[in-house]
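In the numbering used here, the protein residues as written are 1433 to 1663.
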Amino acid sequence: MVYTDPGLTFLEYYRLFKTGLQDDPCINWRQLTHGGLIAQINDRGPCLAVISGLHGDERSGPLALLEWACRQAGPLCPSDKRVWLLPLLNDQGWDKQERMWQEVDLNRAFLPNREGTPMFVQEIMDEWTRRPPDMFLDIHEDDTRPDEPYLFWYKEETHDLALQLAEHLQAKSEPWDDLEYWRGSDEVYLRTLGCQHCITIESPAGWAMQERIRWNLAAVEWCIKHLGELF
Ligand SMILES: [Zn+2]
1433 MVYTDPGLTF
1443 LEYYRLFKTG
1453 LQDDPCINWR
1463 QLTHGGLIAQ
1473 INDRGPCLAV
1483 ISGLHGDERS
1493 GPLALLEWAC
1503 RQAGPLCPSD
1513 KRVWLLPLLN
1523 DQGWDKQERM
1533 WQEVDLNRAF
1543 LPNREGTPMF
1553 VQEIMDEWTR
1563 RPPDMFLDIH
1573 EDDTRPDEPY
1583 LFWYKEETHD
1593 LALQLAEHLQ
1603 AKSEPWDDLE
1613 YWRGSDEVYL
1623 RTLGCQHCIT
1633 IESPAGWAMQ
1643 ERIRWNLAAV
1653 EWCIKHLGEL
1663 F
């Protein structure tokens, strides 16, 4: 089943998402205060955290993860690897098809001092602090580059995970190193916790929805395949 309906509400989304995974015995569920769900797939091995829908007007990441959850074509992940999956974060922005959550940019809300940080973001921060993932993928889209997929590559890295994924996805790698400028993003927060294998990807909003979904899923599957490898 493929869901490309951009009119899907937050609650409808999670109903479908949970239904898609309900027969999988390897999933542990947790609910955030605003109703969002975290699906933890398997309970041992290296962990990939995947998050999407921080910006409510960027539809293809959550829709890709919904399609993935509903595929029913065998296990989503080998049993010796874990996936921590939060497919849609911004409830109000999603339903209004707006970028922000109550005028808060959720990708600037992962703040150590928690000033202005919504409760459901604090819950995620607490969970990551208790158990940081080994690899992290944040799925966005960009409407300012209608035809150019790219990902962010942290220049100070001592490994080439991001560059390898960029090659696999035929995406441009956008170098960055200013942690202060990106302070409050989920990626910077995880880097301060010691997670060094973080990637934020941006599909072009100018692509057809199904093309963006396909590209996002290629990234998820590549990360799972290479999870636990030394980069
Ligand atoms: Zn975004």
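For every residue, glycine included, the Cβ atom is placed at its ideal position computed from N, Cα and C.
If you check the C-beta of Asn1648 against ligand 1, you find no heavy atom less than 7 Å away. The C-alpha of Glu1547 lies about 25 Å from the C-alpha of Ile1631. Runs of beta strand (DSSP E) with 3 or more residues, each lying fully within the region 1539-1574, are found at 1567-1574, listed in chain order. Annotation note: the region 1606-1663 contains the following uninterrupted alpha helix (DSSP H) runs of length 4 or greater, listed N- to C-terminal: 1618-1624, 1641-1658. The C-alpha of Tyr1613 lies about 10 Å from the C-alpha of Val1620. Contact check for Leu1480 against Pro1565 passes: the beta carbons are separated by less than 8 Å. Closest in C-alpha terms to Phe1542, from the list Thr1624, His1572, Met1567, comes Thr1624. In the structure shown, Ser1511 adopts coil according to DSSP, grouped into three states.
Counting the other CB atoms within 10 Å of its CB gives Ser1605 a total of 16 or more, which places it among the buried residues. The DSSP-derived three-state label of Gln1596 is helix.
Short note on Glu1530: C-beta not closer than 7 Å to any heavy atom of ligand 1. For Leu1453, the enclosing alpha helix (DSSP H) has its first and last residue at 1442-1453.
Apart from the 5 residues on each side of it in sequence, Pro1494 sits with its Cβ closer than 7 Å to the Cβ of Tyr1445, Ser1484, Gly1485, Pro1519, Leu1520 in its chain, given in chain order.
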